[in-house]
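Protein chains in written order, with this note's numbering: chain A, 49 to 307; chain B, 49 to 307.
Idealized CB from N, CA, C, for every residue including glycine.
Protein chains: 2
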Amino acid sequence: MYTYIVIMTDFSELFLKRRTIRKYSAEIVDETTLNELLTAGCRASTTGNMQVYSIIITRDAEKKRELAPLHFNQKMVTEAPVVLTFCADFNRFSRWCRLRKAEPGYDNFLSFMTAAIDALLVAQTLCIAAEAKGMGICYLGTTIYTADKITEVLDLPAGVVPVTTVTLGWPAEQPGQPDRLPLEAVVHNETYHDYSDEDLNSLYRDKEERKDSAEFVRENNKETLAQVFTDIRYKKADNIHFSSILLQVLHDQGFMKNK
Amino acid sequence: MYTYIVIMTDFSELFLKRRTIRKYSAEIVDETTLNELLTAGCRASTTGNMQVYSIIITRDAEKKRELAPLHFNQKMVTEAPVVLTFCADFNRFSRWCRLRKAEPGYDNFLSFMTAAIDALLVAQTLCIAAEAKGMGICYLGTTIYTADKITEVLDLPAGVVPVTTVTLGWPAEQPGQPDRLPLEAVVHNETYHDYSDEDLNSLYRDKEERKDSAEFVRENNKETLAQVFTDIRYKKADNIHFSSILLQVLHDQGFMKNK
């Protein structure tokens, strides 16, 4: 008697066991693998099938060194074999329109958001495709903080704005999985149900009682975990500063002409 | 007795064969399945593990009817068993900060973008997890066009802005897969290489020569495919109109206080 067991439809491990990878092995990401991931990424949904995004691949060591300070010298930028910058891009589409006797009207904030959404869906699809191959990724939120300088380093023309960056490679670490809030903290049925103080106490209890949270608070000489965020990691003054840079980039790259 | 266990590790079909699904069977999406998908979605990368997003589930027929015109009466809104609105949300996080003697500084454009990115990574992860189960999804780009009215219908408080909507269910169609531009159209090595007219002619040739493109141009009484986009589908006047609504929503929801 022969029993064949084929397991192939349960992808839940792929989603549930993932974690961000910040240390990569020396193994390169070959052209074929990278192209497979890019092809998978480009199958993501895109507004009106316009594909209003571009992906800039950084593999050159010198270019990584130029990008590194723009990502606050997070070491993944120079250590990962591949760095991918995902951009909202209405330049290509608008140029094609003009070449075809069509007058593009995409120099506005709505079009920036449409293109940013496109770019982010491609980014996340590529990341999941990479993780399905056993690779590791890390998102760099710093992209929108220093979009002005990234635009210069990557030679982005008007109509193109960097939205996020992903470092990619083969994992050389297996870090613990970070916590998440319980599902009921982020999910609302039919309408948004705003939180009472009791709700917040209950929803954040597990996070606050974690050993690593307590250490985080102590290391930073703070009284509460929330203060580590507001006073150290994501400060109001920094947010205001980077907001004004980012809005200026949208102006400079031609997305606020009509608003 | 012999047991063969085959574990499929090649997920490429999942990514490469996907297509948007706009017709759904009458089968419900049960609570367990939906919770699995939401849990998978929430494992997506999130800035500083802040999880600055919320997901509003619409299953109620009356609520779907209220949302439908805000999505230009696309029939998926009323026909899909589940409609999910993904929101940038700094309300919950800021309220938690205040409850913990921490002063939040997230009433600015940078924080909106941070939260929008968070929301979109969750959305796309949930969508791929759904497709891995054989389900079908459709993105509704209209969410950012009518964010003012969606905010009302879903009772979103200050600090919360809808960013995208996904309809979800079990497929009742298998439509053809739409074309994509060749990879070299959207990928740049090291720096952005702007397009010559010849590049654009070559990169858009296949798309323009497709039978469905030609029909699209004829049906719309236009001369070129690009004109269908600029004159009919994504018009300048509409973009400007919806831009100003969306920027007003960011003001009204408190994301432009400091910029």
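Between A195 (chain B) and L294 (chain B), the C-beta spacing is below 7 Å. The closest CA to that of Q222 (chain B), considering only B:R91, B:R66 and B:G96, is found on B:R66.
One thing to note: G217 (chain B) has its Cβ within 7 Å of the Cβ of Y72 (chain B).
The closest CA to that of V276 (chain A), considering only A:I288, A:H289 and A:A262, is found on A:A262. According to the DSSP assignment, C90 (chain B) belongs to no beta strand (DSSP E), since it is labelled neither H nor E. Proximity of W218 (chain B) to chain A, defined by a Cβ-Cβ separation below 7 Å, is not satisfied. Using a Cβ-Cβ distance cut-off of 8 Å, the segment 265 to 284 of chain B and the segment 229 to 247 of chain B are not in contact, since fewer than three pairs of beta carbons, one from each stretch, lie closer than that value.
The beta carbons of T278 (chain B) and E151 (chain A) sit closer together than 7 Å. In the structure shown, the three-state DSSP call for S244 (chain A) is coil. Taking 7 Å as the upper bound on Cβ-Cβ separation, chain A lies near residues E151, P152, G153, Y154, N156, F157, L158, S159, M161, T162, I165 and L168 of the segment 151 to 168 of chain B. Rounded to the nearest angstrom, the Cβ distance from T162 (chain A) to V100 (chain A) is 6 Å, consistent with a contact under 8 Å. By the neighbour-count criterion, in which a residue is buried when 16 or more other Cβ atoms sit within 10 angstroms of its Cβ, F120 (chain B) is exposed.
Assignment of beta-bridge partners to I185 (chain A) by DSSP yields A:L216.
When secondary structure is reduced to three states using DSSP, T133 (chain B) falls in the strand class. N287 (chain A) and L169 (chain B) have their C-alpha atoms some 21 Å from each other. In the three-state reduction of the DSSP assignment, S102 (chain B) falls in the strand class, which pools E and B.
In the DSSP annotation of this structure, the continuous segment of the beta strand (DSSP E) that includes H236 (chain B) starts and ends at V235 to N237. The Cβ-Cβ distance between Q172 (chain A) and Q301 (chain B) does not fall below 7 Å. Among the residues of chain A, none has a CB under 7 Å from the CB of P223 (chain B); the nearest is roughly 13 Å distant. Take A88 (chain A), set aside five residues on each side of it, and the residues of its chain with a beta-carbon closer than 8 Å to its own are T173, L174 and A177, in chain order.
In the structure shown, V209 (chain A) adopts extended strand secondary structure according to DSSP, grouped into three states.
Chain A has a Cβ within less than 7 Å of the Cβ of I105 (chain B). Taking C-alpha positions only, S60 (chain B) is separated from K305 (chain B) by approximately 45 Å. When DSSP states are grouped into helix, strand and coil, Y154 (chain B) belongs to the coil group.
Interface residue (Cβ-Cβ distance to chain B less than 7 Å): Y240 (chain A) is classified as such. In this model, Q296 (chain B) and F160 (chain B) are separated by some 13 Å (Cα to Cα). Counting along the chain, S291 (chain A) sits inside the alpha helix (DSSP H) bounded by residues K284 to D300.
Out of B:Y252, B:P230 and B:S142, the CA that lies nearest to the CA of A274 (chain B) is found in B:Y252. Taking 7 Å as the threshold, the shortest C-beta distance from A262 (chain A) to chain B does not fall below it. If you draw a straight line from the Cα of H241 (chain B) to the Cα of T81 (chain B), it is about 44 Å long.
In this structure, the straight-line span from the alpha carbon of G207 (chain B) to that of A136 (chain B) is close to 8 Å. The alpha-carbon separation between T94 (chain B) and W144 (chain A) amounts to approximately 35 Å.
Counting the other CB atoms within 10 Å of its CB gives D166 (chain B) a total of 16 or more, which places it among the buried residues. For M183 (chain B), the closest alpha carbon among the candidates B:L298, B:R70, B:F303 and B:H299 is that of B:R70.
Comparing C-alpha distances from R228 (chain A) to each of A:T215, A:V214, A:D254 and A:L204 shows the shortest one belongs to A:D254.
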